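Student:
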Amino acid sequence: MLKLYSFGPGANSMKPMLTLFEKGLEYEQHLLDPSKFEHHSDWFKKVNPRGQVPALVDGDKVVTESTVICEYLEDAHPTEVKLRPDDPYDRAQMRVWTKWVDEYFCWCVSTIGWHRGVRHMAQKLTDAEFEEHLKNIPIPEQQLKWRRAREGFPQDLLDEEMRKIGVSVRKLDDHLADHEWLAGEMFTLADICNFSIANGMQNGFAELVNTSDTPHLVRWIEQINARPKVREMFEKVPRERLGPPKD
C-alpha cells in the first residue's frame with residue numbers, strides 16, 4: 001500500500017495528500033509532528049535522507065518533492081479521475097503553474113510562515129538545545145533558515161517577501177478572472193499545488209486576499225474548499241498549529 005509521510009494538510013504536504021484523496025487512492029497516512037522535529041529524526045531520515053516532508057513510499061520505491069509526487073501518482077497510479085489535461089499544450093500550461101508555485105509563490109509565503117510560526121519553535125529552545133537540533137538537519141540551507149528564524153528575519157527581507165506575495169495573488173486573480181481553473185479548463189495539479197499554498201490566505205493575508213481586491217482568487221479558493229474530496233481530507237486529517245502559544 002502507498003504510504004505518505006507528511007505534516008497536516010497544508011502547504012507542500014497538502015499537494016500529494018489532496019492528490020491521493022481526489023484520485024480516490026488508498027494509502028497509509030503517517031503524520032509527523034513538526035513541533036517535535038520528527039522530520040529530522042534518524043528514523044525518518046532513513047525514509048528521506050534530506051529530512052523533509054512529504055515523502056511517498058510505493059513498495060520499495062521512495063518519491064520525494066511534493067509536486068514530483070503528484071506527477072508520479074498520475075503516472076504510476078492512473079484512475080478514472082484525471083488531474084492532468086490530455087492536450088499537450090494544456091498540460092504544458094499546467095506545468096508552468098506548478099513550476100511557478102514551486103519556484104516563486106511558495107517561497108515568499110514560506111518565509112512569512114517561518115516568521116510567524118517556526119520562529120516561536122526555534123526561540124523557545126535553549127542555545128544548547130538549538131545547536132544540538134541543528135546537527136540533525138542534513139541540508140545546510142535549512143540550518144541557515146532555522147538560524148534566521150531564531151534570530152529574526154530582517155525587516156527588509158520580510159517586506160520584500162510580502163511584496164512578492166502581493167504580486168503572486170494578483171497574478172492568480174488576474175488569470176482566474178477569465179478562467180474557472182488554472183489550466184486546461186479543468187481541475188488539475190496546477191490547482192492543487194497553488195491551492196495548497198493559497199488556502200487560508202483570506203485570513204492570514206487578509207490585507208492582500210479579500211473579496212474587494214482579489215474576488216476571483218477568493219472564489220477559486222472557496223470553490224476548491226467545497227469539493228467533496230477536499231472536505232473529506234480536512235475532516236480526516238488534522239492540522240497542526242505552529243504559531244505563537246495562546247495566552
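Reading the sequence shown from the start, the letters are residues 1 to 247 in this note's numbering. Glycine included, every Cβ here is placed at the ideal spot set by N, Cα and C. Just so you know, these numbers come straight off a predicted model, no measurement behind them.
#1: Quick one: is Ser-168 buried, meaning 16 or more other Cβ sit within 10 Å of its Cβ, or exposed?
#2: For Met-186, which beta-bridge partners are listed by DSSP?
#3: Val-62 bridges to which residues according to DSSP?
#4: Apply the 10 Å Cβ neighbour rule to Val-96 and answer buried if 16 or more other Cβ atoms are within range, or exposed otherwise.
#5: For the pair the segment 101–111 and the segment 44–51, tell me if three or more CB-CB distances fall below 8 Å.
#6: Kindly provide the ranges of any alpha helix (DSSP H) runs that are 4 or more residues long and lie completely inside the segment 140–186, ordered along the chain.
#7: Pull the bridge partners of Ser-6 from the DSSP assignment, please.
#8: Alpha carbon to alpha carbon, how far is Asn-136 from Trp-43? Give it in angstroms, no decimals.
#9: With DSSP run on the structure shown, which of helix, strand or coil describes His-216?
#10: Does the beta-carbon of Asp-173, which I'm using as the reference point, lie nearer than 8 Å to any heavy atom of the ligand NAD?
#11: Considering only residues of the same chain and omitting the five flanking positions on each side of Met-201, which have a CB-CB separation below 6 Å?
#12: Should Leu-18 be labelled buried (16 or more other beta-carbon atoms within 10 Å of its own) or exposed?
#13: Let me make sure I understand the geometry here. Which of Phe-153, Gly-8 and Ala-206 has the alpha-carbon closest to that of His-39?
#14: Fully enclosed by the segment 68–121, which alpha helix (DSSP H) runs are 4 residues long or longer?
#15: Between which two residues does the alpha helix (DSSP H) harbouring Pro-228 extend?
#16: Along the chain, where does the alpha helix (DSSP H) containing Gly-204 start, and where does it finish?
#17: For Thr-211, which three-state DSSP category applies?
#18: By a C-beta neighbour count over all protein chains shown, 10 Å radius and 16 as the cutoff for buried, is Leu-144 buried or exposed?
#19: Can you check whether the CB of Trp-114 is closer than 9 Å to the CB of Phe-130?
#20: Is DSSP giving Pro-138 helix, strand or coil here?
#21: My understanding is that Asp-173 touches Leu-217, with C-beta atoms under 8 Å, so please give their C-beta distance in whole angstroms.
Tutor: Straight from the coordinates:
#1: buried
#2: Ala-183
#3: Val-57
#4: exposed
#5: no
#6: 140–151 and 155–176
#7: Leu-31
#8: 12 Å
#9: helix
#10: Among the components modelled here there is no ligand, and therefore nothing to report on the ligand NAD.
#11: Val-209
#12: buried
#13: Gly-8
#14: 88–100 and 106–113
#15: 228–236
#16: 201–204
#17: coil
#18: exposed
#19: no
#20: coil
#21: 4 Å
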